[in-house]
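A.B. asks: Residue 601 is where the sequence shown starts when you use this note's numbering, and the numbers rise one by one after that.
In this text, a Cβ means the ideal position worked out from N, Cα and C, and glycines have one as well.
Treat the numbers as computed from the prediction; the structure is a model and nothing was measured.
Structure provided below as structure tokens; questions to follow.
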Amino acid sequence: MMTELRSIRFIRIAVGFLRVTSATHASLAEVGNMKNKQLAPRRKACLVCTTALYLTFSVIGEAAAQGYCSAVTGTGLNLGCAETLANTSTGTLGAADVFVDPVIGRFDGLVWDSDTMSGLALGGFRTRESIAFSRSVYRSWENVFFGSTRTDGGKTALDVFAFRDPPSGPGNVQATLLFDRLTLENTSLTIRDGVSSAGPQTGQIVNLSLGFGAAGIGRGGGLTLRNSDLIFRDGTRLSMNSPDGGPAFIRAERGTNELRLGSNHIFGVPLTVDVADGARLDLVGTTIEPFLDSWLTVGQGAELQLRSNSVLGLTKSNGSATPSSEITGGTLRLEGAGTELQLTDPQITDGSILLETGATFRVQDSNNAASALTFAGNSTLRFESGASAVAGSVTGPDDLTVNVRAGTTVVSSSTLMDVGAGLRASNIAINQGTLDISGLSAQSDFYDNLSALSVVNGGTFMDAGSQVYSGLDTLNVDGGTLRSLATFGSFAGPSGPMVARLNDSTIDLFGALPPASSIAPGLASLRLNAEQAQFSGDNNVRIGISPSGECSVSGGSCIPGTTRYSGQLITNVAGTAPSLTGFDTVFFVPLATDQNAGAADYVTGGVSGIYTVALNNPAIGLPGTTASYDARPRTPTATDLASAGSTLPANLLYSIVNDPLADDQVDIAFIDVG
């Protein structure tokens, strides 16, 4: 009963207020005529259309109207609650052009309750003309908030449109909304063309402009999304600017957020896009390409998704001091042919990149020059489509440097990559970290394109199969590990003969993935095809030893010539000035592939007790002249074997039983020292 009485009383008050409001408006109009004659026609027109609208609003109740206004706190701004201002001054909520400073007073911004607005007979937020916070009468539009206090994770749908009221006569309105900063919270805001129910009045919001370029006006354009969407349905254009040339921003602070903006937008200043921890930002059919000194940040547990031909270009000039883009604990998800993300020197730390159905991640600067993609922590790059690519600039898509820092970075694909797709790296530099591409199924053009591989300071490079890195002209392993059974370098490759430098390195055949499931790890080989092969420091070659041998099987039988008793390091060193130096720094570390084999099995196994662990220049038709070993590899002591982690019986040592310099191979035999 009390609720009913309260409602009746409120309606009576509202109707009474309307009677007073007309006089109040007349008085305001007179004051406006004295101060600014241009405002009077607009206010008088407002009075005609206000009464029914205000009744529609009033019965909602004052508490509901204050909902979102009371939720906007901690901004440091003097904000006006649009609903309250409508009650006490203009009597209208949707006609935005009546919210002028001489009527409502001066505020730093206006707060609109999306739930209230969506329930109005207007059908949303309407303006009859352009609104620009840079004009003195509209300064209160500098910071605009549309939001809802709902807590169900949903979004209140709200339309924004323009068309002229009937008293102004039929016609078309083309309006621009110029705010400094726009914040959306729990709101799906659609900017669309307006059409009256009678048909003759139409209107378009041609531009949504955030930020103004003149000095001293505003703080710089910004769009903040909190579980919200911004949708341009009918061709509105977004422009962003700032008074000092500093960056504008798009920031997704929480929840799931979506931009459907189309293309042809204007950015007069750099742009930062920030997806905060735990938030998600989706660009759908949206093109944003500032091509200035712009950057991206994606936080912990956050996700940036581009789909439906979206393009986001946040690049910077070569040598610019602008921060690099950073994805820290977050995810980049790109989907669809025509979808492209362009960043300069991005760093992925404990993050993920997922590319689907032909999307492209392009790493370049705004001068269209090459830049580097850096991974750190435990990060992943996954190709879910054979047509997707991570590439360099438009003019040099195959010129891309990939850096791998501390942690493990895994690159994989769900299918065989198309020619010209996949990871278009020309240079891979691993420093302290691990790069695992064993799950990447690539065409030969990937191996042709990679011209430099560097593994240093405890770094590890790991692949799968017996690939041929035919494009390598430089291999540098300094304090790093090659966990591979590949062939590095090609005399017929596009880059010519390779230079290989190995210092304090580890070649780990035992830890590599075997080329065939029937052969144990460590019993295959790694090849170096180079004009210069330089060993220095202390280089360990970890090989498997099988006394009885293992072979590739077909139809239940061994394929002739495939039986292997040990892993092998194979070097082909040839050219116009071939050089193989420092082979006395090489130490072969034997590891057991048969846990049941005893010491006597190793002594008598292999080929009459002999195991060939290295071959030099076995290939036929090598170019120019060849270079032989310059020294015998190191013969280990029992302490050496134990320190290196040999898993053979502790009472075994091995010796080199041939002359490697004369034979171009290294044969070892095991000795039981009791």
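Quick one: residues in its chain with C-beta nearer than 7 Å to the C-beta of residue 1047, no 5 flanking neighbours on either side, listed in chain order?
C.D. replies: Stepping through the sequence shown from its first residue, residue 1047 is reached at position 447. Within the same chain, residue 1047 has close Cβ partners 1067, 1068, 1069, 1070 and 1071.
A.B. asks: Given residue 991, which residues of its chain have a CB within under 8 Å of its CB, disregarding the five upstream and five downstream residues?
C.D. replies: One-based indexing of the sequence shown puts residue 991 at position 391. So the list reads 960, 961, 962, 963, 997, 998, 1000 and 1024, once near-sequence residues are dropped.
A.B. asks: Pull up the distance between the alpha-carbon of residue 856 and that of residue 979, whole angstroms please.
C.D. replies: Along the sequence shown, read from residue 1 onward, the residue named residue 856 stands at position 256. Along the sequence shown, read from residue 1 onward, the residue named residue 979 stands at position 379. Taking the straight line from one Cα to the other gives about 23 Å.
A.B. asks: Indicate whether the contact test is met: 3 or more Cβ pairs, each with one atom in the stretch 1196-1204 and one in the stretch 1160-1172, closer than 8 Å.
C.D. replies: Contact between the stretch 1196-1204 and the stretch 1160-1172 is absent, because fewer than three Cβ pairs lie under 8 Å.
A.B. asks: Taking the beta carbon of residue 1064 as the centre, do at least 16 other beta carbons fall within 10 Å, making it buried, or is it exposed?
C.D. replies: Position 464 of the sequence shown, counted from the start, is the residue given in the question as residue 1064. Buried.
A.B. asks: Take the Cβ of residue 788 as the centre, count every other Cβ of all protein chains shown within 10 Å, and call the residue buried at 16 or more, exposed below.
C.D. replies: Walking along the sequence shown from the start, residue 788 turns up at place 188. Label assigned to residue 788: buried.
A.B. asks: Grouping DSSP H, G and I as helix and E and B as strand, with all else coil, what is residue 729?
C.D. replies: Translated into positions along the sequence shown, residue 729 becomes position 129. Three-state DSSP puts residue 729 in coil, outside helix and strand.
A.B. asks: Are the C-beta atoms of residue 899 and some chain D residue less than 8 Å apart?
C.D. replies: Checking the listed chains, one finds no chain D in this structure; it contains a single protein chain.
A.B. asks: For the alpha helix (DSSP H) containing residue 1241, name the first residue and the last one.
C.D. replies: Indexing the sequence shown from 1 puts residue 1241 at position 641. Residues 1238-1244.
A.B. asks: Please state if the CB of residue 1089 and the CB of residue 1128 are separated by a distance shorter than 8 Å.
C.D. replies: To locate residue 1128, count along the sequence shown from 1; it is residue 528. To locate residue 1089, count along the sequence shown from 1; it is residue 489. Taking 8 Å as the Cβ cut-off, residue 1128 and residue 1089 qualify as a contacting pair.
A.B. asks: Using three-state DSSP, classify residue 798 as helix, strand or coil.
C.D. replies: Within the sequence shown, the letter at position 198 stands for residue 798. Note: residue 798 maps to coil in three-state DSSP.
A.B. asks: Compare the beta carbon distance of residue 1147 and residue 1197 with 8 Å and say whether it is the shorter of the two.
C.D. replies: Taking the first residue of the sequence shown as position 1, residue 1147 is located at position 547. Taking the first residue of the sequence shown as position 1, residue 1197 is located at position 597. Yes, the pair counts as a contact, with Cβ atoms nearer than the cut-off.
A.B. asks: Using a 10 Å radius around the Cβ and a threshold of 16 neighbouring Cβ atoms, would you call residue 1016 buried or exposed?
C.D. replies: Along the sequence shown, read from residue 1 onward, the residue named residue 1016 stands at position 416. Looking at its Cβ environment, which holds fewer than 16 other Cβ atoms inside 10 Å, residue 1016 is exposed.
A.B. asks: Is it right to say residue 541 is buried, meaning 16 or more other beta carbons lie within 10 angstroms of its own, or is it exposed?
C.D. replies: The question about residue 541 has no answer, for the chain in this structure spans 601 to 1274.
A.B. asks: Run through DSSP, which three-state label would residue 1097 get?
C.D. replies: The count along the sequence shown starts at 1 and reaches residue 1097 at position 497. Coil, per DSSP.
A.B. asks: Of the choices 841, 852 and 1039, whose alpha-carbon is the least far from that of residue 870?
C.D. replies: Stepping through the sequence shown from its first residue, residue 870 is reached at position 270. Nearest of 841, 852 and 1039 to residue 870, Cα basis: 841.
A.B. asks: So the candidates are 1239, 1122 and 1082; which of them puts its Cα closest to the Cα of residue 1034?
C.D. replies: Along the sequence shown, read from residue 1 onward, the residue named residue 1034 stands at position 434. Of the candidates 1239, 1122 and 1082, the one whose C-alpha sits nearest the C-alpha of residue 1034 is 1082.
A.B. asks: From the DSSP output, in three-state form, read off residue 669 for me.
C.D. replies: Sequence index remark: in the sequence shown, residue 669 carries index 69 (1-based). Helix, per DSSP.
A.B. asks: Rounded to the nearest angstrom, how far is the Cβ of residue 762 from that of residue 727, given a contact under 8 Å?
C.D. replies: Stepping through the sequence shown from its first residue, residue 762 is reached at position 162. Stepping through the sequence shown from its first residue, residue 727 is reached at position 127. So it is a contact: roughly 5 Å between Cβ atoms.
A.B. asks: Quick check: residue 724 and residue 758, are their CB atoms within less than 8 Å of each other?
C.D. replies: Mapped onto the sequence shown, residue 724 falls at position 124. Mapped onto the sequence shown, residue 758 falls at position 158. Result yes, Cβ atoms of residue 724 and residue 758 sit closer than 8 Å.
A.B. asks: Taking just the CA atoms, how far does residue 977 sit from residue 722?
C.D. replies: Numbered from its first residue, the sequence shown carries residue 722 at position 122. Numbered from its first residue, the sequence shown carries residue 977 at position 377. Looking at the two C-alpha atoms, the distance is approximately 53 Å.
A.B. asks: Under 8 Å between the Cβ atoms of residue 680 and residue 703?
C.D. replies: The residue you call residue 680 lines up with position 80 of the sequence shown. The residue you call residue 703 lines up with position 103 of the sequence shown. The answer is no: Cβ separation not under 8 Å.
A.B. asks: Taking C-alpha atoms, which residue in 1254, 1259 and 1264 lies nearest to residue 1273?
C.D. replies: The sequence position of residue 1273 within the sequence shown is 673, counting from 1. The option with the nearest alpha carbon to residue 1273 is 1254.
A.B. asks: Determine the extent of the alpha helix (DSSP H) in which residue 1062 is found, giving its start and end residues.
C.D. replies: Taking the sequence shown and counting its residues from 1, the one referred to as residue 1062 is at position 462. Element bounds for residue 1062: not the alpha helix (DSSP H) but the beta strand (DSSP E), 1060-1062.
A.B. asks: Note down, one range per segment and in chain order, each alpha helix (DSSP H) of at least 4 residues found wholly within the stretch 1130-1212.
C.D. replies: 1199-1204, all fully within the stretch 1130-1212.
A.B. asks: For the beta strand (DSSP E) that contains residue 1254, what are its first and last residues?
C.D. replies: Stepping through the sequence shown from its first residue, residue 1254 is reached at position 654. Start and end: 1252-1256.
A.B. asks: Quick check: what's the CA-CA separation for residue 817 versus residue 706?
C.D. replies: Residue numbering aside, residue 817 sits at position 217 when the sequence shown is read from its first letter. Residue numbering aside, residue 706 sits at position 106 when the sequence shown is read from its first letter. In a straight line, the C-alpha of residue 817 is about 15 Å away from that of residue 706.
A.B. asks: So, under 8 Å CB-CB, residue 736 and residue 701 are touching, yes? Tell me the CB distance rounded to an integer number of Å.
C.D. replies: On the sequence shown, position 136 is the one that residue 736 refers to. On the sequence shown, position 101 is the one that residue 701 refers to. Correct: roughly 7 Å between the Cβ atoms.
A.B. asks: Output needed for residue 599: all residues of its chain with C-beta closer than 8 Å, excluding positions within five of it in sequence on either side, in chain order.
C.D. replies: Nothing about residue 599 can be reported from this structure: the residues present for the chain run from 601 to 1274 only.
A.B. asks: How big is the Cα-Cα spacing for residue 655 and residue 732?
C.D. replies: As a first step, residue 655 is located in the sequence shown; it is residue number 55 there, counting from the start. As a first step, residue 732 is located in the sequence shown; it is residue number 132 there, counting from the start. Any answer about residue 655 is weak, because its pLDDT of 23 lies below 50 and its placement is not dependable; what the coordinates show is given next. The straight-line gap from Cα to Cα measures roughly 29 Å.
A.B. asks: Three-state secondary structure (DSSP) at residue 756?
C.D. replies: To locate residue 756, count along the sequence shown from 1; it is residue 156. Residue 756 falls in the strand class under three-state DSSP.
A.B. asks: Spatial neighbours of residue 955 within its chain, please: C-beta separation below 6 Å, excluding the five flanking residues on both sides.
C.D. replies: Position 355 of the sequence shown, counted from the first residue, corresponds to residue 955. Excluding positions up to five away in sequence, the list reads 934, 983 and 988.
A.B. asks: Quick one: residues in its chain with C-beta nearer than 6 Å to the C-beta of residue 1189, no 5 flanking neighbours on either side, listed in chain order?
C.D. replies: Against the sequence shown, residue 1189 aligns to sequence position 589. Taken in chain order, the residues that qualify are 1140, 1142, 1244 and 1246.
A.B. asks: Would you say residue 887 and residue 908 are within 8 Å of each other, going by their C-beta atoms?
C.D. replies: One-based indexing of the sequence shown puts residue 887 at position 287. One-based indexing of the sequence shown puts residue 908 at position 308. Not in contact: residue 887 and residue 908 (Cβ atoms no closer than 8 Å).
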